[in-house]
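Q: First residue of the sequence shown: 1, per UniProt numbering; consecutive thereafter. A virtual CB, placed ideally from N, CA and C, is assigned to each residue, including glycine.
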Amino acid sequence: MSAQTSSTAGAFRTAVVPAAGLGTRFLPTTKAVPKELLPVVDTPGIELVAAEAAAAGADRLLIVTSPGKESVAAYFRDDSELVETLEARGKGALAEKIRRAPGLLAVDSVYQYEPKGLGHAVAQAGPALADDEQAVAVLLPDDLVLGSGGGDSGVLARMAEVRATHGGSVLCAFDIPREQISAYGVFDVSDTGDDDVKQVHGMVEKPDAEDAPSTFAAAGRYLLDRAIFDALDRITPGSGGELQLTDAVALLISEGHPVHVVVHSGGRHDLGNPAGYARAYVDFMLQHPEYGEDLRGWLTDRLKD
Ligand code: G1P
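Pasting the structure below:
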């Protein structure tokens, strides 16, 4: 297999972003503003995730949304009037920021009308794929997956390489302390010839810590073979009474579908709750050329109190 064929074999065009949730942990703000639009410094989390997908080669973002959350997809629309106004006022750098999101990739949305779980949300994307799309990426917008030096991790590109080699589906795993493992989908794994790649023999959603098959947990990035949609049609409600993506992956494994994980060693932020969001915000602020130094000084003083 040539290098080019091999990279095409792992490739995907559509990145699905499940964003239909109520954002209960951010109420009352989420009465009016979807949590995916909350800013990390000045940029909504959904744009950071879209930029990651585009950098990995996606040309379409498919947002799974719910009635009332249309502003998430609308955020990606061109606003040429605003761009022109800013440029006329000599604010070119700001105009460039406004152009960034619409320029990343095409954005479409589909509705999830009932909150029946992550598996049900991803299933809504199936009919929106073209016939020749053999794989799809799923990015959970609560999870910011960082490179070792911060910024985009490149983990999706690595996952595409692994799919090109092993076929099937490839997920991103983090090694999580056992006392926190019951918040995650957890993998039963064995080693491969590559240090950062493991073969998955089973997957279980939110196990008790003592029952968890390992400390390797799913963390918001999936590269799924199209076969996932057929599996999603066949699962029944699982953990929390919801249709779980984890259970569809486990069903595929039980039927012999190859599943691997890339164990990512970079950082990660959980934007889905105020504590994780605050860490992400502070982390990005500290790296910001304009605000970083000032915040560092203020925090140092503040922490002395
Ligand atoms: C979801 C998935 C879980 C995964 C987690 C990663 O859970 O169901 O398998 O480990 O995202 O953040 P949630 O956090 O939505 O309950």
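Rounded to whole angstroms, what is the Cα-Cα separation between residue 308 and residue 200?
A: Since the first residue of the chain shown is 1 and the last is 305, residue 308 is not available in this structure.
Q: Look at the alpha carbon of residue 162 and the alpha carbon of residue 153, and state the distance between them as a whole number of angstroms.
A: Residue 162 and residue 153: Cα-Cα distance of roughly 16 Å.
Q: Is any non-hydrogen atom of the ligand G1P found closer than 6 Å to the C-beta of residue 219, if you look at the structure I gave you?
A: For the ligand G1P, at least one heavy atom lies less than 6 Å from the Cβ of residue 219.
Q: Helix, strand or coil for residue 180 per DSSP?
A: DSSP places residue 180 in helix when its eight states are reduced to three.
Q: Is any heavy atom in the ligand G1P found nearer than 6 Å to the beta carbon of residue 43?
A: For the ligand G1P, not one heavy atom lies less than 6 Å from the Cβ of residue 43.
Q: Using a Cβ-Cβ cut-off of 7 Å (strictly less than) and excluding sequence neighbours within five positions of residue 6, which residues of its own chain qualify?
A: The pLDDT assigned to residue 6 is 42, lower than 50, so where the model puts this residue is not dependable, and the model offers no usable value.
Q: Hey, how far is the Cα of residue 2 from the Cα of residue 188?
A: For residue 2, the predicted model reports a pLDDT of 38, less than 50, meaning its position is unreliable; a value from the coordinates is still stated below. The straight-line gap from Cα to Cα measures roughly 32 Å.
Q: Leaving out five residues on either side along the sequence, give the residues of the same chain with a beta carbon under 8 Å from the beta carbon of residue 306.
A: Since the first and last residues shown for the chain are 1 and 305, residue 306 lies out of range.
Q: Taking residue 45 as part of the alpha helix (DSSP H), name the residues at either end of that continuous run.
A: Its alpha helix (DSSP H) spans residues 45-55.
Q: Tell me whether residue 205 sits in a helix, a strand or coil according to DSSP, three-state version.
A: Here residue 205 sits in strand by DSSP.
Q: Report the residue ranges of all beta strand (DSSP E) runs contained in full by the segment 223-276; include only those spanning at least 3 residues, in chain order.
A: Those beta strand (DSSP E) runs which fall completely within the segment 223-276 and span 3+ residues are 259-263, 268-270.
Q: Which value, in whole angstroms, describes the spacing of the CA atoms of residue 227 and residue 136?
A: Approximately 10 Å between the Cα atoms of the pair.
Q: Should the segment 269-286 be called in touch with the segment 241-261, which here means at least 3 C-beta pairs below 8 Å?
A: At 8 Å Cβ cutoff, the stretches do not touch.
Q: Where does residue 294 sit, in a helix, a strand or coil, going by DSSP?
A: Three-state DSSP puts residue 294 in a helix.
Q: Can residue 185 be considered in contact with the ligand G1P, in the sense that its beta carbon sits closer than 6 Å to one or more heavy atoms?
A: It does: the Cβ of residue 185 is within 6 Å (strictly closer) of some heavy atom of the ligand G1P.
Q: Using DSSP with H/G/I as helix, E/B as strand and the rest coil, what is residue 314?
A: Any question about residue 314 goes unanswered here, given that the chain covers just 1 to 305.
Q: If you run the structure through DSSP and keep just helix, strand and coil, what is residue 12?
A: Looking at residue 12 - three-state DSSP - the assignment turns out to be coil, as it is neither helix nor strand.
Q: Hey, how far is the Cα of residue 238 from the Cα of residue 210?
A: Residue 238 and residue 210: Cα-Cα distance of roughly 19 Å.
Q: What are the residues that DSSP puts in a beta bridge with residue 197?
A: DSSP lists 262 as partners of residue 197.
Q: Please say whether residue 61 and residue 129 have beta carbons closer to each other than 7 Å?
A: No.
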